[in-house]
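Trainee: Questions regarding the structure given below will be posed in turn.
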Amino acid sequence: MYVCSCFGITEQQVKQHAEDGRCTPRQIASACKAGTDCGSCVKRIQALLGRTDGCATRTRLEPAGLAAQPPRTAPRQDRPLPLRAA
Ligand code: FES
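Read left to right, the sequence shown gives residues 81 to 166 (the numbering used here).
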């Protein structure tokens, strides 16, 4: 079934791009142009990405990668601040 009729992109193609690591509508658009003409398919693409567990990047990074890092709320203290001339 077509998701993007402007470019003839099917649901299966979107799922395949998601499995290849494209996890956002913008990344899908970069891969196949879906959503870049009239834009009426973007919500459908978002829904497909939300339902697809095939986003390889997201599933690889979230459990032990990015999600495990503490949020950066304070400036880094490991580098001295640049000095200003008076
Ligand atoms: S239907 Fe996808 S851009 Fe128009």
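C-beta atoms are modelled at their ideal positions from N, C-alpha and C, and glycine is treated no differently.
Between which two residues does the alpha helix (DSSP H) containing residue 112 stretch?
Mentor: Along the sequence shown, read from residue 1 onward, the residue named residue 112 stands at position 32. Looking at the DSSP string, the run of the alpha helix (DSSP H) that includes residue 112 is 105 to 112.
Trainee: Measuring only the C-alpha atoms, how far is residue 93 from residue 122?
Mentor: Locating residue 93 in the sequence shown gives position 13, counting from the first residue. Locating residue 122 in the sequence shown gives position 42, counting from the first residue. Cα-Cα distance, rounded: 14 Å.
Trainee: In the DSSP assignment, what residue or residues form a beta bridge with residue 90?
Mentor: Here residue 90 is taken as the residue at index 10 of the sequence shown, counted from 1. Bridge partners of residue 90: 82.
Trainee: Let me make sure I understand the geometry here. Which of 84, 163, 101 and 98 has the alpha-carbon closest to that of residue 117?
Mentor: Looking up residue 117 in the sequence shown gives position 37. Among 84, 163, 101 and 98, the Cα nearest to that of residue 117 is on 84.
Trainee: Would DSSP call residue 164 helix, strand or coil?
Mentor: For the purposes of this step, residue 164 is taken as residue 84 along the sequence shown, with counting starting at 1. In the structure shown, residue 164 sits in coil (DSSP, three-state: anything other than H, G, I, E or B).
Trainee: Ordered along the chain, which non-local residues of its own chain (more than five positions away) have a Cβ less than 6 Å from that of residue 97?
Mentor: Numbered from 1 along the sequence shown, position 17 holds the residue referred to as residue 97. Excluding positions up to five away in sequence, the list reads 108 and 111.
Trainee: Going straight from the alpha carbon of residue 127 to that of residue 106, what length do you get?
Mentor: Looking up residue 127 in the sequence shown gives position 47. Looking up residue 106 in the sequence shown gives position 26. Approximately 14 Å, taken between the alpha carbons.
Trainee: May I ask you to report which of helix, strand or coil DSSP gives residue 130?
Mentor: Locating residue 130 in the sequence shown gives position 50, where the first residue counts as 1. DSSP places residue 130 in helix when its eight states are reduced to three.
Trainee: Return yes when the C-beta of residue 119 is under 7 Å from any heavy atom of the ligand FES, and no when it is not.
Mentor: On the sequence shown, residue 119 is found 39 positions in, with the first residue counted as 1. Yes - the ligand FES has a heavy atom lying nearer than 7 Å to the Cβ of residue 119.
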